[in-house]
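Protein chains: 2
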Amino acid sequence: MRGDPYGSHRVISPKGLLPQAAERVDNSPTICSNEILIDVIALQPTATAFGRIKQECGGDVNRIAQEIQKIVDERGKFQDPVTKSGGILIGRIKEIGADLAGSTDAQVGDKIATLVSLSLTPLKINEITSIDVDTEQVFCKASAILFESGIYTKLPEDLGDQLSLALMDVAGAPAQVAVHVKAGDTVVVVGAGKAGLLCLAEAKKRVAPTGKVICMEYSPRQCEIVRSLGIADVVLEADAKKPLEALDIYQNALGDQLADFTVNTVSVPNTELATVLVTKDTGMVYFFSMSTDFAKASLGAEGIKKYVPMLIGNGYYPGHAEIAFDAVRREEKLRDYFTKRYCK
Amino acid sequence: MRGDPYGSHRVISPKGLLPQAAERVDNSPTICSNEILIDVIALQPTATAFGRIKQECGGDVNRIAQEIQKIVDERGKFQDPVTKSGGILIGRIKEIGADLAGSTDAQVGDKIATLVSLSLTPLKINEITSIDVDTEQVFCKASAILFESGIYTKLPEDLGDQLSLALMDVAGAPAQVAVHVKAGDTVVVVGAGKAGLLCLAEAKKRVAPTGKVICMEYSPRQCEIVRSLGIADVVLEADAKKPLEALDIYQNALGDQLADFTVNTVSVPNTELATVLVTKDTGMVYFFSMSTDFAKASLGAEGIKKYVPMLIGNGYYPGHAEIAFDAVRREEKLRDYFTKRYCK
């Protein structure tokens, strides 16, 4: 049997929706002729999804494991029911449907990362073997299904599994910097977590030698890391949840030089307005964070008479994994930092 | 006393936020030297806010009035606590702060419409005199405050108050069509309510003579109206809440000719994916509807491997009211339809 390219044949309820919007999907490991079966090595939930679950479980690793198992048992996929967010996974190809034989260069046994969200990927967890609360990676014995429209990439050998997984999870962010930012631009990156650091590194390359890269980050410790990595021209310690205070800090450092491109990577709510305030009307805002609230961004911008285009983040862009890998290969200090952080 | 241009001096709680994000603002009718006091004639809540309240009140006009009064009493502004959405108002200028005397051409007594959202406009309702459930206009005795950054427009004499109010409420939608759509484009407008009809009329002008305008609308009755107005080349009766079915209907009519620009104006949830599915990757999606869910749009697009840029709607764009008025003046049938619908 040949399935729908988007996977709607696996939707159990409600019918008529695609897998991402569905409550429950069929996670049985018997594949259609245009599906790929994967032996899962590890899940990388999004910071938003993992953070929500971790908080609910008081940081207790056993309770986090139980909660993840429960979500997947109930839904047939890993999608945090509160934030709707998923993540990605790495694994080995176990079986390739006959109809895909000619159209893919992957082979059984290849180690790959899926680049479509876990929130739509049929997943059956037999056992969670360990969770690294620090890197937010979930190691497990599990099987997953990739649809015909699903995308994946072979893991690069030089970076290692854990680092590759960590990078691919947020590769949609630096990809947008790569396609929107040009020489001479003033670029602001709000939030200097994993996605933010990659955006800073990518922005640094794109604006050079005439532009400026500004990092706006809440934590003094993380600000120090950004300074030591040398990937921002200006590092502002500011709380983007307080829009007027954040704008004040920005203007004290940069005067009226607002941003041509601002990317928000903060995984907590209520940072929309500060992001808009530091951006020119003729510029662009990219909300990569899944904590973004549509109405807060829309009405917030209108309320301050800003008409800067605001883009909804997208985890996918053609070649996005390659862009993220390239940034890390180029920036030696960043690579060392990520390696220490994500490779145990 | 001079207030903050963005109105933060009127925020009661939580402090540090701007009025739109605040729970409660100070609605006292004593103005700062850079504020404008307005004698309100009528409110035009957004379709999203009014629809939510109307549903909760079972369509009962007295209960709707009570609910609106209660919201404004509690918050000092009209912002639906569930959808966070507001609307706009019309009124007469009662007082202009001394510091604004030189910078505005408005005079005391002028009839204006505010173009910033009610969700951030200090408002004190003394009495709701009547509500038109059909046009969703709320007539009342009330006072409102406009901040220095606030925008407003004098009401055009040729269109009348009620029609002008109805048009300005959604003027941000056709304005984006006007700046993004060009000759030869294929444009899809999802939803043919007030905003949708204006977008269709604007798109028709912009794509001519070489492009195509497609209307996707759920209600057969509304489809018939669009056909009679002659503002769409193709009218598709389709439920955008069912993405695969909607795509199927689209492709039956248009084959693989996906949209260069799609604007979503539907005021119900779960229409994100259909909107994305009918749009080219090299095109653009504009989510004007306040019912849009950020995560559903973001993860939905990623899940089907679409990387089309998706813009967050904004009620403001320079000259947007003029663009909406112009569309109605140009399209005689549309003007007649709106006049019948909104002018009692």
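Those protein sequence lines, which keep their order, are chains A and B. According to the numbering used here, the first sequence holds residues 44 to 387 in order. According to the numbering used here, the second sequence holds residues 44 to 387 in order. We put the CB at the ideal spot given by N, CA and C, even for glycine. For clarity, every value in this text was computed on a predicted model and none was experimentally measured.
Tell me the DSSP bridge mates of residue i?
i: residue 171(B); result: 183(B)
i: residue 258(A); result: 232(A) and 278(A)
i: residue 301(A); result: Residue 301(A) pairs with nothing; no bridge assigned.
i: residue 197(B); result: 155(B)
i: residue 107(A); result: Answer by DSSP bridge pairing: none, since residue 107(A) is not bridged.
i: residue 355(A); result: 330(A)
i: residue 418(B); result: A question about residue 418(B) goes unanswered here, because the residues of chain B that appear run from 44 up to 387.
i: residue 54(A); result: 68(A)
i: residue 96(A); result: Note: residue 96(A) sits in no beta bridge, so no partner.
Given a threshold of 16 other Cβ atoms within 10 Å of its Cβ, counted over all protein chains shown, does residue i qualify as buried or as exposed?
i: residue 87(A); result: buried
i: residue 262(B); result: exposed
i: residue 145(B); result: exposed
i: residue 95(B); result: buried
i: residue 75(B); result: buried
i: residue 53(B); result: buried
i: residue 394(A); result: Summary: the structure shown does not reach residue 394(A), with chain A confined to residues 44 through 387, and so no result is reported for it.
i: residue 239(B); result: buried
i: residue 364(A); result: buried
i: residue 346(B); result: buried
i: residue 321(B); result: buried
i: residue 152(A); result: exposed
i: residue 85(A); result: buried
i: residue 141(B); result: exposed
i: residue 212(B); result: buried
i: residue 83(B); result: buried
i: residue 21(A); result: The first residue shown for chain A is 44 and the last is 387, placing residue 21(A) beyond what the model contains.
i: residue 226(A); result: exposed
i: residue 327(A); result: buried
In terms of alpha-carbon separation, which member of the options lies closest to residue i?
i: residue 228(A); options: 268(A), 254(A), 92(A) and 236(A); result: 254(A)
i: residue 169(A); options: 162(A), 187(A) and 63(A); result: 187(A)
i: residue 202(B); options: 91(B), 320(B), 384(B) and 371(B); result: 371(B)
i: residue 130(A); options: 95(A), 90(A) and 113(A); result: 90(A)
i: residue 224(A); options: 250(A), 237(A) and 48(A); result: 250(A)
i: residue 120(A); options: 322(A), 67(A) and 44(A); result: 67(A)
i: residue 163(A); options: 56(A), 268(A), 221(A) and 239(A); result: 56(A)
i: residue 97(B); options: 111(B), 232(B) and 48(B); result: 111(B)
i: residue 208(B); options: 274(B), 222(B), 257(B) and 134(B); result: 134(B)
i: residue 361(B); options: 319(B), 165(B) and 193(B); result: 193(B)
i: residue 385(B); options: 184(B), 196(B), 191(B) and 236(B); result: 236(B)
i: residue 317(B); options: 268(B), 143(B), 288(B) and 200(B); result: 288(B)
i: residue 183(B); options: 46(B), 167(B) and 65(B); result: 167(B)
i: residue 123(B); options: 65(B), 383(B) and 149(B); result: 65(B)
i: residue 171(B); options: 375(B), 114(B), 197(B) and 62(B); result: 114(B)
i: residue 379(A); options: 268(A), 290(A) and 319(A); result: 268(A)
i: residue 118(A); options: 79(A), 181(A), 199(A) and 70(A); result: 70(A)
i: residue 62(A); options: 367(A), 290(A), 132(A) and 190(A); result: 190(A)
i: residue 324(B); options: 337(B), 335(B) and 348(B); result: 348(B)
Can you tell me which of the three DSSP states residue i falls into?
i: residue 221(B); result: helix
i: residue 130(A); result: strand
i: residue 88(A); result: strand
i: residue 369(A); result: helix
i: residue 268(B); result: helix
i: residue 191(A); result: coil
i: residue 210(B); result: helix
i: residue 326(B); result: strand
i: residue 76(B); result: coil
i: residue 137(B); result: strand
i: residue 249(A); result: helix
i: residue 320(A); result: helix
i: residue 115(B); result: helix
i: residue 204(B); result: helix
i: residue 291(B); result: helix
i: residue 347(B); result: coil
i: residue 45(B); result: coil
i: residue 379(A); result: helix
Please indicate yes or no: does the CB of residue i lie closer than 7 Å to some heavy atom of the ligand ADP?
i: residue 373(A); result: By its list of ligands, the structure shown contains no ligand whatsoever, and the ligand ADP lies outside what it can speak to.
Report yes or no: do three or more beta-carbon pairs, one from the segment 173–186 of chain A and one from the segment 83–103 of chain A, lie closer than 8 Å? yes
Assess, as a yes-or-no matter, whether the segment 305–314 of chain A is touched by the segment 274–281 of chain A under the definition of 3 or more beta carbon pairs within less than 8 Å. no
Closer than 8 Å is the cut-off here; do at least three beta carbon pairs connect the segment 321–336 of chain B with the segment 330–347 of chain A? yes
Contact between the segment 310–317 of chain A and the segment 284–291 of chain A is defined here as three or more beta-carbon pairs at a separation below 8 Å; is this criterion met? yes
With contact counted as at least three CB pairs below 8 Å, one residue from each stretch, are the segment 353–371 of chain B and the segment 345–358 of chain A in contact? The segment 353–371 of chain B makes contact with the segment 345–358 of chain A: 3 or more CB pairs, one atom from each, lie closer than 8 Å.
At least 3 beta-carbon pairs within less than 8 Å: the segment 245–260 of chain B vs the segment 208–225 of chain B: yes
For the segment 256–271 of chain B against the segment 230–243 of chain B, do three or more pairs of beta-carbon atoms, one drawn from each stretch, fall closer than 8 Å, so that the two count as touching? yes
Any 3 or more C-beta pairs closer than 8 Å across the segment 267–275 of chain B and the segment 294–302 of chain B: no
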